[in-house]
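Please read the structure below before turning to the comments.
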DNA sequence: CTACCTTTGCTAACATCGTTAGGTATTTTG
DNA sequence: CAAAATACCTAACGATGTTAGCAAAGGTAG
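Structure below.
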């Protein structure tokens, strides 16, 4: 049935189109001013069509955040493939995380609920652990010869993630200066360096 | 003119009452469901009265966040008065910050824009630096004898703040387990300990 | 006391939002 | 060809933030 296949393809296209248009709007005007009606306008369909593909607005934002996690994960996977030395890998992961956040601030805010409504109301997404898992792998490799308990390792993973996320969050809320940006990048580099040295 | 004074007092009382009621509602139902009409209902006045005291809803949330900063600052000031040793002071500040966040999650979210709408849209509030300034003082005292450049000191301040804010943010978005809570508290204690040792 | 003005509070509306009910074509299926 | 499913729309509901405009009350000046 070539016809039904075309229809399925059209349906999928509609869905991805909604997501693409929503992302475009979020990038242009910020997620705060994203509305169903604006999406409908942009895809040149009426409002209810959107509800044929998504349960509600939150669902759309959720799917967008998943795209963000996938994008981040791809870079981390690439690091993993290309870099053998776990210390270098960890550094690269940190750098990737940082770059991801500042190249795609809308995604980052969506994914980690910075200034987002409803982001905390729903379920806890397992994707939140994407970064945690990747740095966890690297840190475990580094620490494997030393005699660290599982708990200690776990602490270190959390501490590492936290300082990165904290720096990024803080920077995003007081992003007045470019000075801050370069300075905090250096804070990150230094902190990562010191952290790895003390592993 | 005793009469006009009473009127002024009444006006101020109305204003603080609006804030108090708003805070109550936020604590009970979360800031996401705070609405002007609910506030009006609770203070037993009609909606437009609120706009005689606040420019808009964001203004109300802003004022509430200032209350939060004042509350936090009071605890930090108390630490400063009571603790001489800068290392102990720094530890106490960290503990206070942590406790503040988990005893008043609504305040913390309001102040640092976790899951908040419009928090990033407005101006950058100088109050954001309340904690930074206090730990900055302590860290500077610790570091004063060692030969650290200003830049290095500044990095350390940011790193310290970041790891705390990062841990708290991450905990708040994945607050499924109590396990997480105690674990992360330990992560914080360990990290603070290690940080101070390496100052 | 009367005329005025400021304050205080309200009702009612506007625009926008997320969401849904219900209808009309069109297309697919039996 | 009739029936069922699909695609799509208009129009509404309820809730939101915000404001215009009016009525009553209180204080002030002649």
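Residue numbers (UniProt numbering), protein chains in the order written: chain V, 1 to 199; chain W, 1 to 199. Where is the CB? At the ideal position from N, CA and C, for every residue including glycine. Note that the coordinates shown come from a computational prediction; the quantities given were computed from them, not determined experimentally.
Flag residue i as yes if its beta-carbon sits less than 7 Å from any beta-carbon of chain V, otherwise no.
i              : result
residue 170(W) : yes
residue 159(W) : yes
residue 1(W)   : Note that residue 1(W) has pLDDT 47, beneath the 50 cutoff, so the model's placement of it is unreliable and the number below is only indicative. For residue 1(W), the answer is no, since every Cβ of chain V falls outside 7 Å of its Cβ.
residue 100(W) : no
residue 24(W)  : no
residue 136(W) : no
residue 173(W) : yes
residue 199(W) : no
residue 33(W)  : no
residue 155(W) : yes
residue 130(W) : no
residue 126(W) : no
residue 111(W) : no
residue 117(W) : yes
residue 17(W)  : no
Of the residues the options, which one's Cα is nearest the Cα of residue i?
i              : options                           : result
residue 51(W)  : 31(W), 18(W) and 75(W)            : 18(W)
residue 130(V) : 183(V), 27(V), 104(V) and 75(V)   : 75(V)
residue 189(W) : 184(V), 194(V), 189(V) and 158(V) : 158(V)
residue 199(W) : 14(W), 24(W), 81(W) and 86(W)     : 86(W)
residue 98(V)  : 6(V), 191(V) and 147(V)           : 191(V)
residue 173(W) : 59(V), 77(V), 56(V) and 124(V)    : 124(V)
residue 41(V)  : 25(V), 5(V) and 156(V)            : 25(V)
residue 126(W) : 154(V), 170(V), 58(V) and 84(V)   : 170(V)
residue 137(V) : 81(V), 37(V) and 6(V)             : 81(V)
residue 83(W)  : 49(W), 47(W) and 134(W)           : 134(W)
residue 71(W)  : 96(W), 57(W) and 49(W)            : 96(W)
residue 8(V)   : 53(V), 29(V), 27(V) and 34(V)     : 53(V)
residue 128(W) : 73(W), 37(W), 38(W) and 197(W)    : 73(W)
residue 153(W) : 187(V), 153(V) and 154(V)         : 187(V)
Expressed to the nearest angstrom, what Euclidean distance is found between the alpha-carbon atoms of residue i and residue j?
i              : j              : result
residue 1(W)   : residue 44(W)  : With a pLDDT of only 47 at residue 1(W), under 50, the local geometry of the prediction cannot be trusted, and the value read off the model is given with reservation. So the alpha carbons of these two residues sit roughly 28 Å apart.
residue 144(V) : residue 167(V) : 28 Å
residue 105(V) : residue 31(V)  : 11 Å
residue 183(V) : residue 21(W)  : 41 Å
residue 165(W) : residue 163(V) : 8 Å
residue 151(W) : residue 150(V) : 35 Å
residue 111(W) : residue 69(W)  : 7 Å
residue 139(W) : residue 160(W) : 9 Å
residue 12(W)  : residue 108(W) : 25 Å
residue 90(V)  : residue 102(W) : 31 Å
residue 193(W) : residue 23(V)  : 43 Å
residue 16(W)  : residue 60(V)  : 39 Å
residue 79(W)  : residue 156(W) : 20 Å
residue 88(W)  : residue 141(W) : 12 Å
residue 185(W) : residue 132(V) : 18 Å
residue 35(V)  : residue 56(V)  : 11 Å
residue 147(W) : residue 94(W)  : 24 Å
residue 49(V)  : residue 195(V) : 51 Å
residue 77(V)  : residue 14(V)  : 29 Å
residue 28(W)  : residue 6(W)   : 32 Å
residue 4(V)   : residue 100(V) : 39 Å
Does residue i have its Cβ less than 7 Å from a Cβ in chain W?
i              : result
residue 165(V) : yes
residue 182(V) : no
residue 191(V) : yes
residue 69(V)  : no
residue 143(V) : no
residue 46(V)  : no
residue 65(V)  : no
residue 96(V)  : no
residue 162(V) : yes
residue 49(V)  : no
residue 105(V) : no
residue 185(V) : no
Inset, instruction - Spell out a yes or no on whether the region 58-67 of chain V and the region 101-117 of chain V are touching, meaning 3 or more CB-CB pairs, one atom from each, closer than 8 Å. - result: Under the three-pair Cβ rule at 8 Å, the region 58-67 of chain V counts as touching the region 101-117 of chain V.
Legend entry - 4 or more residues per run - each alpha helix (DSSP H) lying fully within the region 134-173 of chain V: Assignment of alpha helix (DSSP H) within the region 134-173 of chain V, counting only whole runs of 4 or more residues, yields 150-173 in chain order.
Inset, instruction - May I have a chain-ordered list of the beta strand (DSSP E) segments no shorter than 3 residues that lie completely inside the region 54-105 of chain W? - result: Runs found: none.
Inset, instruction - Kindly provide the ranges of any alpha helix (DSSP H) runs that are 4 or more residues long and lie completely inside the UniProt DNA-binding region "H-T-H motif" (35-54) of chain W, ordered along the chain. - result: Fully enclosed alpha helix (DSSP H) runs of 4 or longer: 36-43 and 47-50.
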